[in-house]
Structures are given as structure tokens and as C-alpha cells.
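K.L.:
Per the working numbering, the very first residue in the sequence shown carries number 635; after that it's consecutive. Have a look at the structure that comes next, please.
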Amino acid sequence: MSTTVTRVRRAMLFTPGDDMKKLAKAAASGADSVILDLEDGVAVNRKQEARATIVEALKTLDFGRSERLIRINAVGSGLEADDMTQTLPAHPDGYVIPKVEHPEQIAWVAERIAPFDRYESWESGSIRLLALIETALGVVNLKAIATADRRLDALIFGAEDLVGSLGAVRTREGWEVFYARSAVVTHAAAYDLQAIDTVYVDFKDMDGLKTDAEQAVKMGFSGKLAIHPNQIEPITQVFIPSDATIAHAQRLMAAFVLNQANGTGVFDFDGKMVDMPMIRAAERVIQRAQAAGKISS
Ligand code: COA
Ligand code: MG
């Protein structure tokens with residue numbers, strides 16, 4: 635079992651890797667993570683240009699507090715080896731691996747990183763991995779993928795590609811991907827990983843984005859992908875608990891400590907039975923509030 639992931643990843647902004655202007659905008663965007671894309675956001679004949687541009691961006695741009703992730707092309711696409719060897723020396727904070735279907739694909743990326751840890755004297759394990767689950771086979775193999783490597787921090791759900799893989803039709807309600815979305819968050823919880831929700835493609839529809847992000851919070855996701863800078867603030871806000879939610883979690887934790895001291899396991903709180911799962915949920919609320927600076931750690 636991996637140790638609990640502590641990095642806060644609420645809004646994670648995708649930016650095409652061959653567009654320096656957008657990369658600069660992303661670096662200053664305030665997103666928790668910026669994903670410098672080499673995969674579907676970059677045309678096939680622009681891959682080499684994108685690798686060089688990303689390396690340049692990592693060397694020259696100030697990303698502030700934002701995590702710097704690179705999305706490589708799928709392991710097996712034939713593009714992944716150049717993606718890794720050319721970008722690794724620039725020491726990104728991690729890699730997003732798309733269309734993961736087997737644990738071996740994660741192991742392959744981890745094996746490319748290991749020598750750099752040794753020869754560049756980087757802190758061991760400092761480069762993190764995030765796996766995009768966006769095909770039917772990826773969903774079916776979630777358990778093996780979730781336990782593939784100690785660098786793995788998060789499972790990311792990708793609805794748009796999944797719909798193609800299923801032969802389904804994308805709808806606003808999202809029932810066609812509900813099983814997969816739920817499977818991703820369930821496996822992440824089971825193996826102590828973060829779960830990150832899919833993109834909301836209609837980037838002008840802020841109400842729809844908010845509703846979709848709120849649904850993700852209720853399901854247990856800890857963050858959501860973004861494709862446009864305007865999506866960052868609404869997503870971030872949704873993943874910060876409200877004052878009332880924080881106050882409730884704090885009262886619950888205080889009651890828990892008191893009951894534990896008195897030797898009571900299950901107890902009554904505001905007319906509801908409280909047991910360990912509710913305590914863990916309250917702890918997560920408090921962690922999110924601390925990450926947002928709403929309460930001290
Ligand atoms: N990252 C950084 N900057 C972005 C951005 C992104 N993802 N999306 C838009 N911007 C910038 C634009 O360059 C523009 O900058 P400017 O005001 O300095 O000219 C500003 O934000 C406003 O953008 P807007 O005109 O509203 O959108 P657009 O038509 O330029 O771009 C998209 C629309 C969808 C092409 C663009 O948002 C995008 O490239 N998104 C990422 C797509 C992606 O990576 N997909 C793969 C993962 S699913
Ligand atoms: Mg895709």
C-alpha cells in the first residue's frame with residue numbers, strides 16, 4: 635500500500651505542448667497542476683516541436699505553486715520513448731500516462747525514470763505518475779493498474795475517449811459513463827490514491843461545469859481536469875468545503891475524540907449514528923480545508 639497522497643490537486647489544466655503562448659498563460663494560471671500535453675492536444679506532425687517547447691517552458695517559465703506534469707503519448711504508440719528521453723532531463727514533477735490498460739505500461743514509464751533518480755541525484759520517487767483510465771480495458775483492469783507502482787499518485791477518469799471505446803453516446807447526464815466514473819473513484823479509494831474527474835468540454839458553460847464538478851465531489855473525487863483557464867477558479871472553489879461543512883466536520887471530530895476517551899465506538903451525533911467511515915469523511919473535509927488555507931494544519 636502506498637502512503638497517502640498529500641499533494642493538493644483540485645483544478646488540473648491541460649495545455650497543448652507546442653504552444654508557448656498558452657504554456658506561459660498556464661504557468662501563471664494558478665491551477666494546482668498544469669499538464670503540458672504531448673498527446674491528443676498536439677497534431678501528429680508537431681510532436682517533436684512540442685517536446686522541445688515543453689523542455690524550453692520547464693527551463694524558462696515560473697510555474698509558481700503549480701505542479702508541472704507532462705502527458706506523454708500512450709505507451710505502445712511508438713512515440714512514448716522519445717517523449718520520455720527528451721523531457722526527463724528537464725525534471726518535471728510527474729507524468730500523466732494516457733489510455734492505461736495494463737500495469738506494465740506504468741512500470742515501463744517508472745523504469746525510464748529510475749536511472750535519472752540515481753545519476754542526477756534527484757530525490758528518489760520525486761517524479762510522480764498519474765494514470766488516465768479512458769478505455770474499456772483500462773476500467774476492467776483497474777485493480778492491477780492501481781497497484782502497479784509506488785510512484786502512482788492518482789487515477790484520472792477520461793470520459794471522452796471512453797465513450798468512443800464503448801461505442802456509447804455522450805450525454806449531458808452521463809449515465810453512459812457512470813459505471814466507469816464510479817469504478818475509478820472506488821479503486822482510488824481502495825488503494826489510497828487520488829481520483830481526478832474528467833474534463834468538461836463545453837468551456838463556455840460555467841453552470842454546467844459547476845454542476846458536473848459538484849457531482850464529482852459528491853462521488854469522492856478530489857479534483858477535476860480543466861481545458862480552459864476560465865475553468866480553474868470554478869473547479870477549485872467546488873473542491874474547497876464550505877464553512878458550514880468544515881464546522882460540522884470539526885464538531886464531529888471533537889465528539890469522536892471525546893467518545894473514544896470514554897471508550898465508546900459508535901455514538902450519536904445530531905440524531906445520527908456515527909462510525910468510522912463518517913470520521914474518515916470528516917478528516918478528508920478537514921484536510922481539504924487545510925489545503926485551501928481555511929483552517930490551520
Ligand atoms: N492553457 C493555457 N492557455 C489557454 C488555454 C489552455 N488550455 N486555453 C485557452 N487559453 C488562452 C488562450 O490562448 C487565450 O489567450 P490570450 O487571451 O492571451 O489570447 C485565452 O486563454 C482565452 O482563450 P479563448 O480565446 O477563450 O480560447 P481559444 O479559442 O484560444 O482556445 C481551446 C480554446 C479549446 C482550443 C483551448 O482552450 C485549448 O487549447 N484547450 C486545451 C485543449 C487540450 O489540451 N486538449 C487535450 C486534453 S482533453
Ligand atoms: Mg484523450
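All C-beta atoms in this analysis are idealised placements derived from N, C-alpha and C, irrespective of residue type, glycine included.
With 16 other CB atoms within 10 Å as the buried threshold, where does F873 fall?
P.N.:
Buried is the call here.
K.L.:
Apply the 10 Å Cβ neighbour rule to T687 and answer buried if 16 or more other Cβ atoms are within range, or exposed otherwise.
P.N.:
Per the 10 Å Cβ criterion, buried.
K.L.:
Sorted by chain position, which residues of the same chain lie with C-beta nearer than 6 angstroms to I761's C-beta, five sequence neighbours on each side aside?
P.N.:
Counting only Cβ-Cβ distances below 6 angstroms, and skipping sequence neighbours, we find G728, I747.
K.L.:
Taking contact to mean 3 or more Cβ pairs, one atom from each stretch, closer than 8 angstroms, check whether the stretch 886-898 and the stretch 825-839 are in contact.
P.N.:
No contact exists between the stretch 886-898 and the stretch 825-839.
K.L.:
Which value, in whole angstroms, describes the spacing of the CA atoms of E701 and Q921?
P.N.:
E701 and Q921: Cα-Cα distance of roughly 19 angstroms.
K.L.:
Should G698 go down as buried or exposed, given a rule of 16 or more other Cβ atoms within 10 Å for buried?
P.N.:
Answer is exposed; the Cβ neighbour count stays below 16.
K.L.:
Return the chain-ordered list of same chain residues with a C-beta closer than 8 angstroms to the C-beta of V900, the five sequence neighbours on each side being excluded.
P.N.:
So the list reads M907, V908, D909, once near-sequence residues are dropped.
K.L.:
List the whole-angstrom C-beta distance separating I740 from A765, where the pair is believed to meet the contact cut-off of C-beta under 8 angstroms.
P.N.:
That belief holds up - the Cβ atoms of I740 and A765 are roughly 6 angstroms apart, short of 8 angstroms.
K.L.:
Would you call the stretch 666-683 and the stretch 882-889 touching, i.e. three or more CB-CB distances under 8 angstroms?
P.N.:
Touching, no.
K.L.:
What do you get for V707, buried or exposed, if any count of 16 or more other CB atoms within 10 angstroms of its CB means buried?
P.N.:
According to the sequence displayed, residue 707 carries Asn and not Val. Buried, because 16 or more other Cβ atoms sit within 10 Å of the Cβ of N707.
K.L.:
Consider the C-beta atom of P605 and the heavy atoms of the ligand MG; say whether any pair is separated by less than 7 angstroms.
P.N.:
Examination of residue 605 is not possible in this model, given that the chain is present from 635 through 931 alone.
K.L.:
Is it right to say A878 is buried, meaning 16 or more other beta carbons lie within 10 angstroms of its own, or is it exposed?
P.N.:
Per the 10 Å Cβ criterion, exposed.
K.L.:
Under 8 angstroms, with one C-beta from each stretch per pair, do the stretch 709-718 and the stretch 748-758 reach the 3-pair mark?
P.N.:
As far as the Cβ criterion goes, the stretch 709-718 does not touch the stretch 748-758, which means the pair count is below three.
K.L.:
Between Q682 and the rest of its own chain, which residues show a CB-CB distance below 8 angstroms, the 5 nearest in sequence each way excluded?
P.N.:
The answer, listed in chain order, is D716.
K.L.:
Return the Cβ separation of V730 and I790 in integer angstroms, given the expectation that the two are a contact with Cβ distance under 8 angstroms.
P.N.:
The pair is a contact, with the Cβ atoms about 7 angstroms apart (cut-off 8 angstroms).
K.L.:
Using 8 angstroms for Cβ pairs, my map puts V934 next to L827. What's the rounded Cβ distance?
P.N.:
Lying outside 635 to 931, the shown extent of the chain, residue 934 is not represented and no answer is given.
K.L.:
Which word fits V649, buried or exposed, when buried means at least 16 other C-beta atoms lie within 10 angstroms of its C-beta?
P.N.:
Correcting the residue identity first, residue 649 is Thr in this sequence and not Val. The residue is buried, with at least 16 neighbouring Cβ atoms inside 10 Å.
K.L.:
For a test of the three-state rule: what should DSSP assign to F837, helix, strand or coil?
P.N.:
Here F837 sits in coil by DSSP.
K.L.:
With a 10 Å radius around its C-beta and 16 neighbouring C-beta atoms as the bar for buried, classify E768 as buried or exposed.
P.N.:
Label assigned to E768: buried.
K.L.:
Could you name the residues of the same chain whose beta carbon sits closer than 6 angstroms to that of P863, not counting the 5 residues immediately before and after it, in chain order?
P.N.:
If we look at P863 and ignore the five residues flanking it on each side, its Cβ neighbours are S663.
K.L.:
Could you check if A778 is buried or exposed, using at least 16 other CB atoms within 10 Å of its CB as the buried criterion?
P.N.:
Classification for A778: exposed.
K.L.:
Compute the beta-carbon to beta-carbon distance between I932 and A665, rounded to the nearest angstrom, for a pair I have assumed lies under 8 angstroms.
P.N.:
Since the first residue of the chain shown is 635 and the last is 931, residue 932 is not available in this structure.
K.L.:
Three-state secondary structure (DSSP) at I869?
P.N.:
If DSSP states are grouped into helix, strand and coil, I869 belongs with the helices.
K.L.:
Taking only three categories from DSSP, how would you classify V709?
P.N.:
V709 falls in the coil class under three-state DSSP.
K.L.:
Looking at the unbroken alpha helix (DSSP H) that takes in V668, where does it start and where does it end?
P.N.:
Note, V668: premise wrong, no alpha helix (DSSP H); beta strand (DSSP E) at 667-671.
K.L.:
According to the neighbour-count rule (16 or more other Cβ atoms, all chains shown, within 10 Å of its Cβ), is R804 buried or exposed?
P.N.:
Its Cβ having fewer than 16 others within 10 Å, R804 is exposed.
K.L.:
Along the chain, where does the alpha helix (DSSP H) that runs through F890 open and close?
P.N.:
Taken as a continuous stretch (DSSP letters only), the alpha helix (DSSP H) holding F890 covers 877-895.
K.L.:
Starting from F750, follow the alpha helix (DSSP H) in both directions and report where the run begins and ends.
P.N.:
Taken as a continuous stretch (DSSP letters only), the alpha helix (DSSP H) holding F750 covers 737-753.
K.L.:
Cβ of V678 within 7 angstroms of any heavy atom in the ligand COA?
P.N.:
It does not: the Cβ of V678 is nowhere closer than 7 angstroms to a heavy atom of the ligand COA.
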